[in-house]
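Quick note on my numbering: the sequence shown kicks off at 445 and runs consecutively. Using N, Cα and C, we set each Cβ at its ideal position, and we do this for glycine too. So the structure is just underneath, and the comments pick up after that.
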Amino acid sequence: MSAQDPDAARGVYGISVAAELAGVGVQTLRLYETHGLLAPARTEGGTRRYSPDDLTRARRIGGLVDRGVTLGAVGMVLDLQDENARLRQRLR
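So this is what it looks like as structure tokens:
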């Protein structure tokens, strides 16, 4: 699935599966959420449900953190990267 797929934004994975698929720990996903970097869907009972888009974003966050970007700055970097991609797409 890619971000182009309609189901890419649908939360289907529980936190333990999402952590494994994203290559991070469960606590790391919770930390990303605490910092406002991820916002998984929630069931009526409050259980987190991660989408393929969430997993892609978690991997992007992890890559930035691995390069030394602080969690406080990651959101700004992701926003700038996304805006840059949108502008490039418009130019095509």
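Determine, using beta carbons only, whether A463 and V456 come nearer to each other than 7 Å.
no
Comparing the CB of A502 with every heavy atom of the ligand NAD, is any distance shorter than 6 Å?
As for the ligand NAD, it is missing from this structure, which has no ligand bound.
Start and end residues, alpha helix (DSSP H) containing Y457
No alpha helix (DSSP H) contains Y457, which DSSP labels as neither H nor E.
Sequence-distant residues of its chain with Cβ nearer than 8 Å to L524 (five each side left out)
none
Per DSSP, cross-strand counterpart(s) of Y494
Y457
Residues bridged to R486 [DSSP beta-bridge criterion]:
R492
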